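Read left to right, the sequence shown gives residues 334 to 779 (our numbering).
Beta carbons: idealized from backbone N, C-alpha and C, even for Gly.
A quick note: this is a predicted structure, and the numbers were derived from the prediction, not measured.
As structure tokens, the structure follows; a few thoughts come after it.
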Amino acid sequence: MSALVKTLSGWKGAAVPQTGTGGGPVRLPAGGVPVRGMAGAGLLVAVGYVDPGNWATDMAGGSLHGYGLLSVVAVACLLAMAIQLLVARVTLATGADLATLTSRHMPRPVALGIWLAGEAAIVATAVAELTGGAVALLLLFGLPLAFGLILTAVGSILLMMHTHARGQQALETCINVLIAIVAVSFLLLVLKVGPDWSAAAAGIAETPRALSDKAGLLLAIGIVGATIMPHNLYLHSGLIADRARHLVDADKDKALRIASIDTMAALGLAMLVNMAIMIVAAASLGGSRFDVTSLAGAHQAIAVALGVGPALVFAIALYAAGQSSAITGMLAGRVLIQGFHGKKGATPAAHSTPWLRGIVTRIIAVVIATMMLTGGAAGADGLLVLSQTVLGMALPFVLVPLIVFAARRDLLGRFALPRVLVGAAVITTAGLVALDLLVLTETLLG
334 MSALVKTLSG WKGAAVPQTG TGGGPVRLPA GGVPVRGMAG AGLLVAVGYV
384 DPGNWATDMA GGSLHGYGLL SVVAVACLLA MAIQLLVARV TLATGADLAT
434 LTSRHMPRPV ALGIWLAGEA AIVATAVAEL TGGAVALLLL FGLPLAFGLI
484 LTAVGSILLM MHTHARGQQA LETCINVLIA IVAVSFLLLV LKVGPDWSAA
534 AAGIAETPRA LSDKAGLLLA IGIVGATIMP HNLYLHSGLI ADRARHLVDA
584 DKDKALRIAS IDTMAALGLA MLVNMAIMIV AAASLGGSRF DVTSLAGAHQ
634 AIAVALGVGP ALVFAIALYA AGQSSAITGM LAGRVLIQGF HGKKGATPAA
684 HSTPWLRGIV TRIIAVVIAT MMLTGGAAGA DGLLVLSQTV LGMALPFVLV
734 PLIVFAARRD LLGRFALPRV LVGAAVITTA GLVALDLLVL TETLLG
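And the structure:
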């Protein structure tokens with residue numbers, strides 16, 4: 334990924350000093366914006382786009398509506414990409430992450446509400462990750478879900494501690510391996526299924542029919558909600574803020590181009606993985622006698638339609654997705670707490686000890702999940718739906734401040750968004766809020 338970014342950004346490989354003699358900003362030599370430092374954040378963020386929540390909605394969409402919702406996956410991922418690019422822009426221009434900016438520039442009561450919404454989103458994300466991992470262990474080894482929750486939580490914390498002790502590069506390598514497992518697994522499944530590519534390409538013509546059905550519309554909203562998640566915005570801003578803390582203004586344009594290419598490449602990969610998940614479901618699970626709206630049901634259907642081997646690949650990939658998302662979720666939580674409650678001049682969020690906070694978050698998530706896990710695998714799928722609902726409710730609390738900051742020329746200077754783009758961002762956010770309210774209403778009314 335770094336090599337691709339180097340090529341596209343025109344990086345010439347100049348040596349880059351990390352700090353000045355006083356530890357303050359330094360002027361980087363021409364062509365010397367640190368690609369190794371700026372690249373890599375996108376792939377960590379991309380993990381959140383292939384988590385168990387995405388799996389559940391993509392599998393259900395493909396099995397129930399064929400290729401009709403494939404265009405919804407593409408639109409959701411492109412919309413998420415645009416939002417993450419805006420995060421990169423705001424963070425590079427200000428040198429601060431979203432949590433820090435909110436704490437500094439919002440009235441204290443408002444900032445408190447935004448922080449609480451962020452914490453709720455972090456816990457909801459942890460619930461989804463742990464639930465996905467527990468379902469994977471159930472499918473692989475027949476472990477009880479409650480035991481699987483605990484094992485997944487302990488495993489994610491130990492993995493974070495192990496990689497964190499070896500530095501950021503080790504952490505990123507671990508994440509790269511896990512997301513590669515997911516990507517390669519679904520590539521193998523797509524090859525095994527052998528889908529009708531002409532039918533997949535023509536799926537856009539089926540989108541209006543799929544959306545005309547109430548269940549299809551709600552599922553499409555669920556796909557969008559599972560794709561655009563609050564913790565990813567905090568995570569991305571924290572990672573970029575850490576990478577860019579020594580940049581001077583003259584280097585920010587080049588750094589923004591590098592970060593943008595990195596983000597688009599990584600989220601482009603995530604979009605392809607999500608589309609592959611739906612293609613596998615559409616090509617092999619349509620008309621299945623199993624409940625393909627559940628992860629366990631999808632696993633059973635794959636075993637019947639494709640064999641035990643592909644079903645095993647599915648379960649392994651699900652566990653890898655849950656663990657990789659768990660690690661990035663802990664990083665996002667650390668960015669959140671550091672930004673809202675950290676002291677000025679404290680150790681940057683991504684360089685401190687996220688696993689300490691992760692222990693607390695996982696204990697809360699395990700308690701919540703265990704209390705609500707009734708009905709076995711069906712209860713697990715209900716938890717995933719509930720977690721996505723909470724994430725949808727929390728999303729406006731990070732999107733609105735993001736747009737406010739992006740429009741402020743006193744904060745961003747020449748990087749401030751033009752009024753036309755601010756208007757488009759406001760309309761998009763209003764649309765997302767309306768969709769989330771619709772899903773919330775349907776969830777509460779049954």
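query, result
"Evaluate the contact criterion for the segment 647-654 versus the segment 503-523: three or more CB pairs, one atom per stretch, below 8 Å.", "yes"
"What would DSSP say about residue 554, mapped onto helix, strand or coil?", "helix"
"Helix, strand or coil: how does DSSP classify residue 545 here?", "helix"
"At what residues does the alpha helix (DSSP H) containing residue 529 begin and finish?", "Looking at the DSSP string, residue 529 is not in any alpha helix (DSSP H), and its letter there is neither H nor E."
"Quick check on the DSSP output: the alpha helix (DSSP H) that includes residue 586 runs from which residue to which?", "585-617"
"Quick one: residues in its chain with C-beta nearer than 8 Å to the C-beta of residue 716, no 5 flanking neighbours on either side, listed in chain order?", "460, 461, 464, 702, 705 and 706"
"Is it right to say residue 576 is buried, meaning 16 or more other beta carbons lie within 10 angstroms of its own, or is it exposed?", "buried"
"Grouping DSSP H, G and I as helix and E and B as strand, with all else coil, what is residue 581?", "coil"
"With residue 422 and residue 730 assumed to form a contact (beta carbons below 8 Å), what rounded beta-carbon distance in angstroms separates them?", "That belief does not hold up - the Cβ atoms of residue 422 and residue 730 are roughly 20 Å apart, past 8 Å."
"Please state the DSSP three-state secondary structure of residue 734.", "helix"
"Taking the continuous alpha helix (DSSP H) assigned at residue 439, which residues delimit it?", "Unbroken run through residue 439: none, as it is neither H nor E."
"I'd like to know if the segment 590-600 and the segment 417-433 are in contact, where contact means that at least 3 CB-CB pairs between them fall below 8 Å.", "yes"
"Less than 8 Å between the C-beta atoms of residue 469 and residue 672, yes or no?", "no"
"Quick test of the definition: if touching needs 3 or more C-beta pairs under 8 Å, does the segment 768-778 touch the segment 549-556?", "yes"
"Write down the C-beta distance between residue 378 and residue 569 rounded to the nearest angstrom, noting that I regard them as a contact closer than 8 Å.", "5 Å"
"Taking 7 Å as the cut-off, is the beta-carbon of residue 690 closer than that to any non-hydrogen atom of the ligand PLP?", "Looking at this structure, you won't find the ligand PLP or any other ligand, since it has none at all."
"I need the straight-line Cα distance from residue 580 to residue 430, nearest angstrom please.", "15 Å"
"In terms of residue numbering, what span does the alpha helix (DSSP H) encompassing residue 628 cover?", "628-639"
"What is the rounded straight-line gap between the Cα of residue 447 and the Cα of residue 668?", "14 Å"
"Taking DSSP as the reference, what is the three-state secondary structure of residue 384?", "coil"
"DSSP three-state call for residue 500: helix, strand or coil?", "coil"
"Helix, strand or coil: which one does DSSP assign to residue 669?", "helix"
"Keeping to the same chain, check which residues put their C-beta closer than 6 Å to that of residue 763; ignore five residues upstream and five downstream.", "none"
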